[in-house]
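Student: Residue -10 is where the sequence shown starts when you use this note's numbering, and the numbers rise one by one after that.
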Amino acid sequence: MRHIRLSQLYEDNRDKLLLNWIIAHGADRRIELKQSDNYVADVVGHINVIHPERLQVMGHAEYAWAQRVGEIKFRNQFQDLLLAQSPGIIVAEGLEPPEAVVSACEATQTPLLTTPRPCSAVIDLLRIYLSRRLADTVSM
């Protein structure tokens, strides 16, 4: 199983993405390819309750979704997402993390980071980074 700790991802990308810790509890959580047929695109992406194992990135679109579904439904779905042990949450686009996100991350000791970078740019950069870090290696 190939993996990297969130704290290492932070160290390697903090300057490029201008990452900032909001909640660092659980910074040793692993981002991993659990099966050999998984792709790196499967380990980072927009907030997705179907794939809680991903490093979750929240931007303007996810904020709009949270407002559409309402505070109670969003809080419940987000709590369920974090109870499934997501490696961490990144709030992008310079947005302030919603209180429901902060309290859920605190309750589950899920790492929470922020960045002023656009959501899609964060995901693209991390997919490239993770594809290099989690690639199969062969020694000869």
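Just so it is clear, CB atoms sit at the ideal spot from N, CA and C, and this is done for glycine as well. Keep in mind it's a predicted model, so treat the numbers as computed, not measured.
1) Locate the alpha helix (DSSP H) running through Glu21, then write down its first and last residues.
2) Where do the N-terminal and C-terminal ends of the beta strand (DSSP E) with Val90 fall, by residue?
3) Helix, strand or coil: which one does DSSP assign to Val58?
4) Can you look up Val32 in the DSSP assignment and give me helix, strand or coil?
5) In the DSSP assignment, find the alpha helix (DSSP H) that holds Val111 and state where it starts and stops.
6) How many angstroms separate the CA atom of Gly83 from the CA atom of Thr103?
7) Could you spell out the range, first to last residue, of the alpha helix (DSSP H) harbouring Asn9?
8) Do the segment 7 to 15 and the segment 42 to 53 touch if we need at least three Cβ pairs shorter than 8 angstroms?
9) If you follow the beta strand (DSSP E) that Leu101 is part of, which residue opens it and which one closes it?
10) If contacts are defined as beta-carbon pairs under 8 angstroms, then Ile79 and Val111 qualify, I think. What distance do you get, rounded to the angstrom?
11) Give me the residue from Asn2, Asp17, Ala93 and Arg(-9) with the minimum Cα distance to Tyr118.
12) Per DSSP, which residues does Leu44 bridge with? Please list them.
Tutor: To lay it out plainly:
1) From DSSP, Glu21 is part of no alpha helix (DSSP H) but of the beta strand (DSSP E) over Arg19 to Leu22.
2) From DSSP, Val90 is part of no beta strand (DSSP E) but of the alpha helix (DSSP H) over Glu88 to Thr97.
3) Helix.
4) DSSP, reduced to helix, strand and coil, places Val32 outside both helices and strands of the structure shown, so it counts as coil.
5) Segment Cys108 to Arg122, the alpha helix (DSSP H) holding Val111.
6) Between the C-alpha atoms of Gly83 and Thr103 there is a straight-line separation of about 7 angstroms.
7) Per DSSP, Asn9 is not a residue of any alpha helix (DSSP H); the beta strand (DSSP E) it occupies stretches across Asn9 to Ile12.
8) Flag = no, the segment 7 to 15 and the segment 42 to 53 do not touch.
9) Annotation: the continuous beta strand (DSSP E) that includes Leu101 extends over Leu101 to Thr103.
10) 6 angstroms between Cβ atoms; contact.
11) Of Asn2, Asp17, Ala93 and Arg(-9), the residue nearest in Cα terms is Asn2.
12) Beta-bridge pairing links Leu44 to Val33.
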